[in-house]
Amino acid sequence: MTVQPAYLQKAWYVAAMSTEVDAQALFHRKILGTSVMIYRTADGTPVALHDRCPHRFAPLHLGKRVGDEVACPYHALRFNAGGQCTHNPHGNGHIPQAARVASFPLQERYGFIWIWMDASEPDLSLLPDYTPLEQGHANAVGYTYMAMASNYELIIDNVMDLSHIDHVHGEIITTRGKLSPIVPAIRETATNISARWEWSQQPAMLIFANFLERPEDPAEHYFDITWSAPANIQLSVGAVQDGKGFDAATAQYDLHTCTPADEFSTHYFFATRRNHVVEDADYNEMKIKAMHAAFETEDGPLIQAVQDEMGTSDFFSLNPVLMSNDIAAVKVRKLLRKMIAAEQAAGALQSAAE
Amino acid sequence: MTVQPAYLQKAWYVAAMSTEVDAQALFHRKILGTSVMIYRTADGTPVALHDRCPHRFAPLHLGKRVGDEVACPYHALRFNAGGQCTHNPHGNGHIPQAARVASFPLQERYGFIWIWMDASEPDLSLLPDYTPLEQGHANAVGYTYMAMASNYELIIDNVMDLSHIDHVHGEIITTRGKLSPIVPAIRETATNISARWEWSQQPAMLIFANFLERPEDPAEHYFDITWSAPANIQLSVGAVQDGKGFDAATAQYDLHTCTPADEFSTHYFFATRRNHVVEDADYNEMKIKAMHAAFETEDGPLIQAVQDEMGTSDFFSLNPVLMSNDIAAVKVRKLLRKMIAAEQAAGALQSAAE
Amino acid sequence: MTVQPAYLQKAWYVAAMSTEVDAQALFHRKILGTSVMIYRTADGTPVALHDRCPHRFAPLHLGKRVGDEVACPYHALRFNAGGQCTHNPHGNGHIPQAARVASFPLQERYGFIWIWMDASEPDLSLLPDYTPLEQGHANAVGYTYMAMASNYELIIDNVMDLSHIDHVHGEIITTRGKLSPIVPAIRETATNISARWEWSQQPAMLIFANFLERPEDPAEHYFDITWSAPANIQLSVGAVQDGKGFDAATAQYDLHTCTPADEFSTHYFFATRRNHVVEDADYNEMKIKAMHAAFETEDGPLIQAVQDEMGTSDFFSLNPVLMSNDIAAVKVRKLLRKMIAAEQAAGALQSAAE
Numbered sequence: 010m011t012v013q014p015a016y017l018q019k020a021w022y023v024a025a026m027s028t029e030v031d032a033q034a035l036f037h038r039k040i041l042g043t044s045v046m047i048y049r050t051a052d053g054t055p056v057a058l059h060d061r062c063p064h065r066f067a068p069l070h071l072g073k074r075v076g077d078e079v080a081c082p083y084h085a086l087r088f089n090a091g092g093q094c095t096h097n098p099h100g101n102g103h104i105p106q107a108a109r110v111a112s113f114p115l116q117e118r119y120g121f122i123w124i125w126m127d128a129s130e131p132d133l134s135l136l137p138d139y140t141p142l143e144q145g146h147a148n149a150v151g152y153t154y155m156a157m158a159s160n161y162e163l164i165i166d167n168v169m170d171l172s173h174i175d176h177v178h179g180e181i182i183t184t185r186g187k188l189s190p191i192v193p194a195i196r197e198t199a200t201n202i203s204a205r206w207e208w209s210q211q212p213a214m215l216i217f218a219n220f221l222e223r224p225e226d227p228a229e230h231y232f233d234i235t236w237s238a239p240a241n242i243q244l245s246v247g248a249v250q251d252g253k254g255f256d257a258a259t260a261q262y263d264l265h266t267c268t269p270a271d272e273f274s275t276h277y278f279f280a281t282r283r284n285h286v287v288e289d290a291d292y293n294e295m296k297i298k299a300m301h302a303a304f305e306t307e308d309g310p311l312i313q314a315v316q317d318e319m320g321t322s323d324f325f326s327l328n329p330v331l332m333s334n335d336i337a338a339v340k341v342r343k344l345l346r347k348m349i350a351a352e353q354a355a356g357a358l359q360s361a362a363e
Numbered sequence: 010m011t012v013q014p015a016y017l018q019k020a021w022y023v024a025a026m027s028t029e030v031d032a033q034a035l036f037h038r039k040i041l042g043t044s045v046m047i048y049r050t051a052d053g054t055p056v057a058l059h060d061r062c063p064h065r066f067a068p069l070h071l072g073k074r075v076g077d078e079v080a081c082p083y084h085a086l087r088f089n090a091g092g093q094c095t096h097n098p099h100g101n102g103h104i105p106q107a108a109r110v111a112s113f114p115l116q117e118r119y120g121f122i123w124i125w126m127d128a129s130e131p132d133l134s135l136l137p138d139y140t141p142l143e144q145g146h147a148n149a150v151g152y153t154y155m156a157m158a159s160n161y162e163l164i165i166d167n168v169m170d171l172s173h174i175d176h177v178h179g180e181i182i183t184t185r186g187k188l189s190p191i192v193p194a195i196r197e198t199a200t201n202i203s204a205r206w207e208w209s210q211q212p213a214m215l216i217f218a219n220f221l222e223r224p225e226d227p228a229e230h231y232f233d234i235t236w237s238a239p240a241n242i243q244l245s246v247g248a249v250q251d252g253k254g255f256d257a258a259t260a261q262y263d264l265h266t267c268t269p270a271d272e273f274s275t276h277y278f279f280a281t282r283r284n285h286v287v288e289d290a291d292y293n294e295m296k297i298k299a300m301h302a303a304f305e306t307e308d309g310p311l312i313q314a315v316q317d318e319m320g321t322s323d324f325f326s327l328n329p330v331l332m333s334n335d336i337a338a339v340k341v342r343k344l345l346r347k348m349i350a351a352e353q354a355a356g357a358l359q360s361a362a363e
Numbered sequence: 010m011t012v013q014p015a016y017l018q019k020a021w022y023v024a025a026m027s028t029e030v031d032a033q034a035l036f037h038r039k040i041l042g043t044s045v046m047i048y049r050t051a052d053g054t055p056v057a058l059h060d061r062c063p064h065r066f067a068p069l070h071l072g073k074r075v076g077d078e079v080a081c082p083y084h085a086l087r088f089n090a091g092g093q094c095t096h097n098p099h100g101n102g103h104i105p106q107a108a109r110v111a112s113f114p115l116q117e118r119y120g121f122i123w124i125w126m127d128a129s130e131p132d133l134s135l136l137p138d139y140t141p142l143e144q145g146h147a148n149a150v151g152y153t154y155m156a157m158a159s160n161y162e163l164i165i166d167n168v169m170d171l172s173h174i175d176h177v178h179g180e181i182i183t184t185r186g187k188l189s190p191i192v193p194a195i196r197e198t199a200t201n202i203s204a205r206w207e208w209s210q211q212p213a214m215l216i217f218a219n220f221l222e223r224p225e226d227p228a229e230h231y232f233d234i235t236w237s238a239p240a241n242i243q244l245s246v247g248a249v250q251d252g253k254g255f256d257a258a259t260a261q262y263d264l265h266t267c268t269p270a271d272e273f274s275t276h277y278f279f280a281t282r283r284n285h286v287v288e289d290a291d292y293n294e295m296k297i298k299a300m301h302a303a304f305e306t307e308d309g310p311l312i313q314a315v316q317d318e319m320g321t322s323d324f325f326s327l328n329p330v331l332m333s334n335d336i337a338a339v340k341v342r343k344l345l346r347k348m349i350a351a352e353q354a355a356g357a358l359q360s361a362a363e
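Here it is, written out as structure tokens:
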């Protein structure tokens with residue numbers, strides 16, 4: 010058995026895009042090293058159970074739905090949406106006390122199904138607010154998912170340090186060398202790390218230029234990103250001309266969020282909403298496909314190569330040479346370490362008190 | 010090198026189906042973590058040698074037969090059927106004292122070649138009697154083999170708890186829910202665990218119904234299984250009408266037997282003999298293919314999924330919730346553990362005395 | 010991370026055939042467990058750098074050439090041919106003191122690029138002299154490369170014990186059983202182990218017979234091999250008739266050399282120069298293809314099977330039965346162990362003194 014690294018436990022992770030779990034599915038995904046089955050009850054409410062029968066450890070997602078319950082594929086023990094065994098077809102039908110599986114609290118918001126993996130009461134205040142993803146025309150928002158064979162923190166690093174974009178990505182989002190020299194302005198709270206870049210470039214980023222009044226002229230740009238525990242990065246980017254202020258920018262509001270499957274496998278989810286050509290379904294489809302392709306063919310292989318070369322998930326153990334562009338990413342790594350350590354210390358204290 | 014788990018050593022394991030080792034073959038298979046080569050001498054007698062030249066560790070099965078001897082593929086050291094080096098083509102031809110490979114006693118019975126992997130004298134009294142497989146028309150018996158990527162005890166569990174059949178298998182052998190409620194009658198000896206189920210169903214199991222006088226009417230059925238160390242399960246199943254007694258049943262006599270390759274790889278052998286349409290070669294071929302397909306597509310993937318989810322071969326360490334249908338399987342696991350522990354204790358005692 | 014076994018560090022290993030590194034390439038290869046990038050500066054000089062950016066560990070060979078420098082694929086830090094960072098496009102452009110990668114001394118000789126992986130001053134006196142490979146017609150020399158999934162010492166064993174050739178290889182280089190009975194004459198120095206066989210056979214080895222005056226008649230033959238640390242074996246083989254002496258032989262001068270990628274992966278390089286039909290380009294191509302094919306289809310699979318059966322790189326731990334044909338190979342293994350141990354002891358002494 011693989012030893013699992015320490016993850017932040019009291020936290021909301023994205024388990025799936027809402028669209029991945031349809032009315033019939035017994036969807037399954039490995040999350041923080043645990044097999045999880047997700048399905049929707051008849052009223053559409055998603056539920057998550059440990060995907061392992063407590064009898065002989067068959068994955069429940071291979072079983073059959075019986076109304077809002079699920080029968081194990083091996084010996085047909087049936088479990089309800091709360092994880093309690095409700096039917097044992099064997100012998101006198103007695104249901105042992107221990108015949109239940111863990112259920113995990115879910116919240117369906119912003120187009121994602123979020124999961125609370127800890128045994129404690131779920132704390133809704135720890136779920137960040139990404140309401141803008143839900144507001145506006147349905148053709149102005151897109152979602153995508155990638156399985157990445159790397160530790161999740163390497164993906165966070167990638168987004169927290171946007172100085173890579175002129176070097177890794179193509180013409181479509183180049184800042185024409187303007188981003189790299191900027192040391193981003195950092196904002197910090199007890200649980201968030203934000204970074205902001207502002208610059209002018211000519212022409213504007215090509216994803217925006219054609220939606221500006223004068224595509225060939227200079228435009229003011231910004232990137233604003235905010236990491237929130239455990240692995241969410243809200244990224245806003247936009248361009249505007251004529252000193253109109255960024256409130257008037259042609260812009261998009263994105264969410265990058267990662268869920269560790271295990272130490273070297275990560276579920277990478279992405280959502281993007283734009284404020285321009287909001288009714289254009291074809292453009293929307295093209296845009297989400299293009300962004301997916303950029304991850305798959307540009308960031309993805311590079312992050313994978315970094316992971317292979319590192320051979321470990323312990324970034325600092327390799328004595329990286331850090332620079333001004335690492336400031337936000339390093340602050341995130343350190344704050345996340347601190348939060349995990351605090352959680353473990355509190356757990357140890359509680360164990361000692363019991 | 011993988012650490013091998015503790016296997017019962019003083020025991021007969023099936024090394025191969027008789028048909029797998031033809032007159033020319035240098036057949037090879039990994040058994041209890043050891044590479045074994047099996048071939049037949051000119052008179053047809055099968056012999057088994059350690060499949061590793063003691064010189065530079067080349068697998069002997071890649072070599073050449075020289076009469077009843079085998080020449081190593083690398084430097085042509087030649088070994089006789091007893092494992093003794095008989096020819097060294099190098100230098101002055103001197104054969105070092107240590108130039109021999111272990112030979113393993115074999116018994117060819119019931120359509121299988123059985124192997125004794127322990128260094129002690131083989132004890133024929135430990136080879137169970139499956140004579141019925143050998144008795145009767147050649148078109149009434151079939152054999153098959155599957156490589157399984159799971160620990161062997163999960164396969165024993167599968168057969169010892171027949172309550173899975175209505176849930177895992179299809180219409181052809183359904184008991185129509187009649188089997189599960191029955192707690193089987195258990196018989197135990199020092200070395201065997203048996204379980205027996207009896208029930209009535211209508212119509213009869215479809216594998217038997219068309220051979221009964223009135224296929225649509227109720228029929229009495231039985232399953233009777235006996236595990237013998239290390240990993241043999243003899244299973245009999247039949248159906249009869251009109252209160253004639255099970256001696257008159259339309260029935261089949263099967264053997265399921267497992268040989269560990271290593272902790273997570275198992276050779277699964279199966280034989281079946283029936284007492285009806287015994288001369289029908291087409292039916293025989295269809296039947297063994299159907300049974301093979303059931304293992305490959307129904308039991309196999311499920312056992313594999315269980316193994317993957319368990320991630321260990323130590324079943325009890327995962328605190329399974331056990332039920333009345335587990336009684337026979339758990340008794341087998343416990344008796345096998347006890348026999349292995351006794352064998353190890355005796356070995357330790359002997360080592361201490363020497 | 011894989012623990013690397015002890016390699017001889019103060020030594021020249023072949024990193025690549027000269028032809029593998031063209032003017033544009035950012036060539037890469039794992040050597041002694043370390044990722045190495047090799048490229049040629051504008052004047053053709055090969056340089057080798059640690060293939061890992063010190064910032065975020067991206068492989069530099071995925072980056073871009075900027076004249077004689079290389080820009081990292083991730084954030085475009087630029088490194089010169091000595092491994093020093095020369096350009097940081099981020100923030101104020103400050104280049105941290107630690108922003109450099111190890112560079113490895115190279116020597117391009119005999120058609121190969123040789124690398125010194127140790128941090129000490131490279132010692133040119135430790136690079137053996139294989140000048141004959143460079144002398145003569147270009148159509149009389151050939152080079153080839155194979156990736157082998159085995160420990161490098163098993164490949165050295167294979168060449169040091171030529172008694173395998175009548176058993177492993179085909180008609181083309183058979184000695185007709187004449188080689189095996191010969192115990193080779195051994196010559197030893199502090200750093201070299203040589204072995205020599207001489208014999209007569211009829212007809213001559215088929216690779217030579219058609220170039221002799223009377224192809225069907227007996228001919229005198231010799232093999233002469235010299236191992237030099239760490240993993241080079243120079244092999245000469247020839248045939249002559251009429252008691253003319255081996256100086257007049259139809260012969261070839263070969264180099265077999267191995268570079269460990271890691272414990273169970275080896276880069277196997279081979280060069281051969283002949284003294285007959287030296288201008289025949291078609292023959293040259295056929296010959297190197299035939300030798301490559303012999304490694305790939307005859308030695309290679311056997312060495313792989315041996316490695317799989319051994320499951321370790323520690324040959325002596327398996328208590329091999331050694332014979333007269335092992336004398337040269339065993340002397341090499343022992344001398345190499347001794348050299349590695351001496352190097353480690355000197356390193357420990359130096360560490361203690363510091």
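Protein chains in written order, with this note's numbering: chain A, 10 to 363; chain B, 10 to 363; chain C, 10 to 363.
Just so you know, even glycine gets a beta-carbon here, dropped at the ideal spot from N, CA and C.
The structure displayed is predicted, hence computed values, not measured ones.
For residue i, which residues from the same chain have a beta carbon less than 7 Å from its beta carbon, with the 5 sequence-adjacent residues on both sides left out?
i	result
Phe255/B	Tyr231, Gly247, Val249
Determine the direct distance from the alpha carbon of residue j to that of residue i, and round the result to whole angstroms.
i	j	result
Ala90/A	Val79/A	8 Å
Ala194/C	Trp208/C	12 Å
Gln144/C	His99/C	51 Å
Met10/A	Asp271/A	Low confidence applies here, because Met10/A scores a pLDDT of 40, under 50, leaving its location unreliable; read the following figure in that light. If you take the alpha carbons of Met10/A and Asp271/A, they lie about 12 Å apart.
Ala357/A	Leu331/A	33 Å
Glu222/B	Ala228/B	10 Å
Strictly below 7 Å CB to CB, what residues from chain D border residue i?
i	result
Ala107/C	Of the protein chains in the structure, A, B and C, none is chain D.
Give me the residue from the options with the minimum Cα distance to residue i.
i	options	result
Gly309/C	Ala85/C, Asn160/C, Trp123/C, Ala147/C	Asn160/C
Arg109/A	Met295/A, Ser326/A, Asp60/A	Asp60/A
Leu344/C	Ala302/C, Pro239/C, Leu188/C, Ala24/C	Pro239/C
Tyr16/C	Ile349/C, Ala361/C, Ala354/C, Ile297/C	Ile349/C
His96/C	Arg346/C, Ile124/C, Cys62/C, Glu117/C	Cys62/C
Gly252/C	Tyr277/C, His276/C, Trp236/C, Asp226/C	Asp226/C
Thr298/B	Ala51/B, Met155/B, Arg223/B, Pro68/B	First, the residue type needs correcting, since residue 298/B is Lys and not Thr in the sequence shown. The shortest C-alpha separation from Lys298/B is found at Met155/B.
Ser237/A	Ala351/A, Asp127/A, Arg342/A, Glu305/A	Arg342/A
Leu86/A	Thr54/B, Asp175/B, Glu117/B, Leu58/B	Asp175/B
Please report the Cβ distance between residue i and residue j, rounded to the nearest whole angstrom; I am assuming they are in contact, meaning their Cβ atoms lie under 8 Å.
i	j	result
Asp138/C	Lys19/C	Not confirmed; about 18 Å, so no contact.
Leu35/B	Gly72/B	7 Å
Could you name the residues of the same chain whose beta carbon sits closer than 6 Å to that of residue i, not counting the 5 residues immediately before and after it, in chain order?
i	result
Ala260/C	Gly247, Asn284
Considering only residues of the same chain and omitting the five flanking positions on each side of residue i, which have a CB-CB separation below 8 Å?
i	result
Met300/A	Gly151, Thr153, Phe279, Thr281
Ser360/A	none
Glu288/B	His146, Asn148, Ala149
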